[in-house]
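Structure, as structure tokens:
Number of protein chains: 2
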Amino acid sequence: MLTEVFLETFKLNGLLITAGDQLVKELNLTSARWKVLGALSQSGNSMTVPEIARTMGQSRQAVQRLANEMTNDGLLEPVANPNHQKAKLICITDKGQDIYKKVMDKQVPWANTIAHEIKEADLESVVSTLKFLNRYLGHSS
Amino acid sequence: MLTEVFLETFKLNGLLITAGDQLVKELNLTSARWKVLGALSQSGNSMTVPEIARTMGQSRQAVQRLANEMTNDGLLEPVANPNHQKAKLICITDKGQDIYKKVMDKQVPWANTIAHEIKEADLESVVSTLKFLNRYLGHSS
DNA sequence: CCACATTTGACAACATGTTGTCAAATGACT
DNA sequence: AGTCATTTGACAACATGTTGTCAAATGTGG
């Protein structure tokens, strides 16, 4: 049955990326960049690239490229890190905040429409189980 | 909370691909090809490329490329489709069956180790909720 | 303080995914 | 049958992801 969870996760990932790309297209965003903004936003707005990568379950190189491009586009900005000379802290710019807010204004009602069709207990079960799997797989590697 | 489900899904997807790649590396497979074999295997061993793509929640072009490469590698073979001249039915070759079996021999114990740490009710909750989300997102697009 | 492992940014090679386009095959409707 | 929308394989452009490597910065243990 866990195998089924994995297959459904792969599928959901694909469908979410497609749906997400459609949702944020007109804001000149993509799902990948949205995810970076989300990770930063969720954690107080300032992390190094490798920290973002670990949060997202991806390689630091993938996030590094996104961060560089988004910095060029004025969505992010690197600020000096008192704890590390090379590893700058990545922050969201005002422009980035603005766009992220607009994304959330579109995403929240969309998510609520879906969430209404799912029992709250199931949602909690899913969140905690996925978190457990992420913790488990994250530590093992 | 549904937003959290989505973020955890993205993360789990990344970690699963990494873990899967490690698991099947020595069999000259990758997670992507494994998924194609799994989709075919789960559905009686014969589907057209677009059918596989819909099962996996991906674009038919992505699956087409994988299918072409795996055909060149002797894992798959296209057979005539009585219902469609162009859209061949993709089948797993004996060699493909062999490798898939070896993958499962490695994956099943690995999955069981993890599954033991999760309550069965939670697992059922996750599977049915993910399936619902996939059905919902699949129909809407 | 010094050697050594780890982390980090930068860069490259490559796998995997999306979208868009085209012509051929199919299906649906009159 | 004839027309038109849809599906399909092929191909291309591009976004996103992995791994591997290197040198610099950091952490760790003597």
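Just so you know, the sequences run in chain order A and B.
The numbering used here applies: residue 41 is where the first sequence begins, and numbers increase by one.
The numbering used here applies: residue 41 is where the second sequence begins, and numbers increase by one.
Glycine included, C-beta positions come from ideal geometry on N, C-alpha and C.
8 Å contact criterion, which residue 69 of chain A and residue 139 of chain A should meet: CB distance rounded = 7 Å
Does the pairing of the segment 76-93 of chain B with the segment 89-102 of chain A give three or more beta-carbon distances under 8 Å?
-> no
Per-residue DSSP class, three states only, for residue 159 of chain B = coil
Can you round the beta-carbon distance between residue 116 of chain B and residue 72 of chain B to whole angstroms, since I take them to be within the 8 Å contact cut?
-> That belief does not hold up - the Cβ atoms of residue 116 of chain B and residue 72 of chain B are roughly 13 Å apart, past 8 Å.
Limits of the unbroken alpha helix (DSSP H) element including residue 65 of chain A = Unbroken run through residue 65 of chain A: none, as it is neither H nor E.
Along chain B, which residues have their Cβ under 8 Å away from the Cβ of residue 49 of chain A?
-> 49, 52, 53, 56, 170
Between the Cα of residue 179 of chain B and those of A:49, A:59, A:46, spot the shortest distance and give me the residue it belongs to.
-> A:59
contact_flag[the segment 158-166 of chain B, the segment 154-174 of chain A] where n(CB pairs < 8 Å) is 3 or more = yes
Alpha carbon to alpha carbon, how far is residue 134 of chain A from residue 82 of chain B? Give it in angstroms, no decimals.
-> 49 Å
What are the residues of the segment 65-98 of chain B that lie near chain A, defined by any Cβ-Cβ distance shorter than 9 Å?
-> 71, 75, 78, 79, 82, 95, 96, 97, 98
Please determine, among B:125, B:51, B:56, B:80, the residue with the shortest C-alpha to C-alpha distance to residue 24 of chain B.
-> In this structure chain B extends from 41 to 181, so residue 24 of chain B is not present and cannot be described.
State yes or no: is the C-beta of residue 46 of chain B within less than 8 Å of the C-beta of residue 63 of chain A?
-> no
Mind checking if residue 143 of chain B is an interface residue toward chain A, Cβ cutoff 8 Å exclusive?
-> no
Using three-state DSSP, classify residue 96 of chain B as helix, strand or coil.
-> helix
In whole angstroms, what is the alpha-carbon distance linking residue 110 of chain A and residue 146 of chain A?
-> 21 Å
What's the call for residue 76 of chain B, buried or exposed, on a 16-neighbour Cβ count within 10 Å?
-> buried
Option in B:43, B:50, B:42 with minimal Cα separation from residue 174 of chain A | B:50
Using 8 Å as the limit for Cβ to Cβ distance, is residue 136 of chain A near chain B?
-> no
From residue 124 of chain A to residue 141 of chain B, what does the alpha carbon distance come to, in whole angstroms?
-> 48 Å
Contact belief for residue 130 of chain B with residue 176 of chain A at Cβ below 8 Å, rounded distance in angstroms | With a Cβ gap of about 34 Å, residue 130 of chain B and residue 176 of chain A do not count as contacting.
Apply the 10 Å Cβ neighbour rule to residue 114 of chain B and answer buried if 16 or more other Cβ atoms are within range, or exposed otherwise.
-> exposed
Local conformation of residue 71 of chain B per DSSP, three classes = helix
Backbone secondary structure at residue 42 of chain A - three-state DSSP | helix
Beta-carbon separation of residue 97 of chain B and residue 98 of chain A under 8 Å?
-> no
Are residue 143 of chain A and residue 74 of chain A closer than 8 Å when you measure CB to CB?
-> yes
Hey, does residue 166 of chain B have any beta-carbon neighbour from chain A nearer than 8 Å?
-> yes
Other residues of its chain near residue 103 of chain B: CB distance less than 6 Å, five sequence neighbours each side excluded = 89, 92, 93
Proximity of residue 42 of chain A and residue 151 of chain B at Cβ, strictly below 8 Å = yes
Can you give the beta carbon distance from residue 128 of chain A to residue 119 of chain A, rounded, assuming they're within the 8 Å contact cut?
-> 6 Å
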